[in-house]
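Enquirer: Just so it is clear: in the sequence shown, position 8 is 36 by our numbering, and no numbers are missing. Have a look at this one before I ask anything.
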Amino acid sequence: GTPEIIFVLDSNPRTDGEPVPGHFRVEEAIVGPFLKEGQVLVRTLFLSVDPYMRCRMNDDTGAEYLAPWGLSECVDGGGVGVVELSRCESLSVDDMVTSFNWHWQTQCLMDEKLLQKVEPQLVDGHISYFLGAVGMPGLTALLGVREKGHVTEGANQTMVVSGAAGACGSIAGQIGRVDGCTRVVGICGSDEKCRVLVEDLGFSAAVNYRQGDVATALKESCPDGVDVYFDNVGGPISDAVIAQMNNDGHVILCGQISQYNKDVPYPPPLCDETQEALQSKNITRERFMVLNYMEKHEAGIIQLSQWVREGQIKVLETVVDGIENMGVAFCSMMKGGNIGKQIIKISD
Ligand code: NDP
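Right, dumping it as structure tokens:
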């Protein structure tokens with residue numbers, strides 16, 4: 029084995045602190061070359077940084093399905109790469125594979141059980157899409173809308189998406205349009221993101237929550253009120269949306285990123301006014317978790333990849349080069365530095 033760069037957690041932010049690149053550090057380690065039965069050596073092509081990773085920086089993640097990252101241990105998350113050596117039946121050299129537990133390393137030894145084979149032709153060779161539009165975030169958008177959104181063709185519905193220019197949000201809004209919403213309005217953090225949502229992704233309108241009053245802008249862009257709300261952010265933005273929802277509407281509770289640097293449980297408690305609005309207007313607000321629908325993932329990936337190849341759904345990505353930039357890319361994504369899926373390119 030040759031020395032490989034690995035990325036480890038150096039220290040935790042406080043539960044209510046902001047993550048900074050200095051919470052991570054780079055080390056060198058020898059990886060391989062000897063494989064145990066059932067293992068492969070993979071070369072990393074792309075790694076993902078995702079909001080749930082903020083919980084993995086805490087000693088207690090607050091979720092039983094998420095283990096905390098250990099101090100001085102290699103960090104892991106979504107990744108995609110290519111098999112270089114194999115000692116297992118199901119995977120051969122040159123196969124493309126993905127995993128939710130990919131180490132932040134340029135090469136790693138992995139158990140075949142943690143890997144899933146992917147077909148590059150599904151994404152016309154855009155391998156990084158398996159971490160975004162044709163991966164976990166895309167499935168979150170698709171299954172979130174389909175399982176909790178109650179979108180009905182011809183029902184003249186207005187959908188609002190928060191975190192709309194991000195990995196999940198940008199796909200969720202486009203699926204709302206494909207599935208027959210009359211209006212799809214995005215909320216996001218910059219004028220440039222708003223422009224892209226409307227001009228490139230076919231959103232009906234977009235609201236920059238950092239500029240002016242969200243409630244006023246929403247009134248203008250949703251003249252018939254809001255029927256379906258795909259919520260990625262929570263907090264005051266969601267209070268403003270829910271206040272303008274129609275009777276019998278549906279909130280897809282996907283994420284609450286505005287609260288992830290706070291010491292609150294998930295989902296964070298709502299203010300009384302919003303709680304009352306939900307009750308009096310008979311609005312459903314069910315927690316959605318993509319991992320609870322594993323049996324629907326395979327068909328979902330096929331559907332998403334087809335839409336992407338047909339051009340019905342456009343894919344946005346922000347790609348940063350180099351494993352040494354993992355920490356910078358993660359912290360940037362948490363603050364809105366990304367448009368579309370934040371990807372880190374590790375090797376060609
Ligand atoms: P994104 O690509 O959307 O990146 C995060 C975005 O959040 C940033 O770009 C930023 O955009 C926005 N943001 C950050 N802080 C705030 C804030 N205080 N208020 C409003 N917006 C903020 O990430 P993902 O698409 O991967 O994830 C989006 C959401 O979906 C997260 O809440 C995540 O936890 C959730 N999720 C849930 C899953 C599930 O199974 N339920 C699965 C996957 C993700 P901006 O410029 O607009 O501020």
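Even glycine gets a Cβ: it sits at the ideal position worked out from N, Cα and C.
Only counting runs of 4 or more residues, tell me where the alpha helix (DSSP H) segments fall wholly within the region 38-106, in order along the chain.
Expert: DSSP runs (the alpha helix (DSSP H)) wholly in the region 38-106: 81-84.
Enquirer: Just to check my reading of the structure: Asp241 and Gln185 have Cβ atoms closer than 8 Å, yes? What is that Cβ distance to the nearest angstrom?
Expert: That pair is no contact at about 24 Å.
Enquirer: When the Cα of Gly350 is compared with those of Thr43, Leu73, Val48, which residue comes out closest?
Expert: When only C-alpha atoms are compared, the closest one is Leu73.
Enquirer: Output needed for Leu113: all residues of its chain with C-beta closer than 8 Å, excluding positions within five of it in sequence on either side, in chain order.
Expert: Closer than 8 Å at the Cβ level, and outside the excluded window around Leu113, lie Gly60, Pro61, Leu63, Val68, Leu69, Val121.
Enquirer: Under a three-way DSSP split, which group does His278 fall into?
Expert: In this structure, His278 counts as strand in the three-state DSSP scheme.
Enquirer: Looking only at its chain, what residues have a beta carbon closer than 7 Å to the beta carbon of Arg53, apart from the 5 residues adjacent to it on each side?
Expert: Val36, Asp38, listed in sequence order.
Enquirer: The ligand NDP and Phe62: does the residue's C-beta get closer than 6 Å to at least one heavy atom of that ligand?
Expert: No, since every heavy atom of the ligand NDP falls outside the 6 Å radius drawn around the Cβ of Phe62.
Enquirer: Give the secondary structure of Leu246 by DSSP, where H, G and I count as helix, E and B as strand, and everything else as coil.
Expert: Note: Leu246 maps to helix in three-state DSSP.
Enquirer: Is it buried or exposed, Asp259, if we count other Cβ atoms within 10 angstroms and call 16 or more buried?
Expert: When all chains shown are included, Asp259 counts as buried.
Enquirer: Got a sec: does the ligand NDP put a non-hydrogen atom nearer than 6 Å to the Cβ of Thr168?
Expert: Yes, the Cβ of Thr168 comes within 6 Å of a heavy atom of the ligand NDP.
Enquirer: Measure the C-alpha to C-alpha separation of Arg313 and Glu65 and round it to an integer number of angstroms.
Expert: Each residue's alpha carbon lies about 46 Å from the other.
Enquirer: Along the chain, where does the alpha helix (DSSP H) containing Trp335 start, and where does it finish?
Expert: Unbroken alpha helix (DSSP H) run through Trp335: 325-338.
Enquirer: Relative to the C-alpha of Val226, which residue among Arg211, Ser100, Arg238 is closest?
Expert: Closest option to Val226, Cα to Cα, is Arg211.
Enquirer: Looking at the strands, I want to know which residues DSSP matches up with Lys369.
Expert: Note: Lys369 sits in a beta bridge opposite Glu345.
Enquirer: Which residues share a DSSP beta bridge with Trp130?
Expert: According to DSSP, Trp130 bridges with Gly105.
Enquirer: Terminal residues of the continuous alpha helix (DSSP H) containing Met362?
Expert: Start and end: 354-362.
Enquirer: Just to confirm, is the Cβ distance from Val9 to Thr89 under 7 Å?
Expert: Residue 9 lies beyond the range of the chain shown here (29 to 376); nothing can be said about it.
Enquirer: Between the C-alpha atoms of Lys363 and Gly50, what's the straight-line distance to the nearest angstrom?
Expert: For Lys363 and Gly50, the distance between alpha carbons rounds to 16 Å.
Enquirer: Should Leu319 go down as buried or exposed, given a rule of 16 or more other Cβ atoms within 10 Å for buried?
Expert: It is exposed - the Cβ of Leu319 has fewer than 16 other Cβ atoms within 10 Å.
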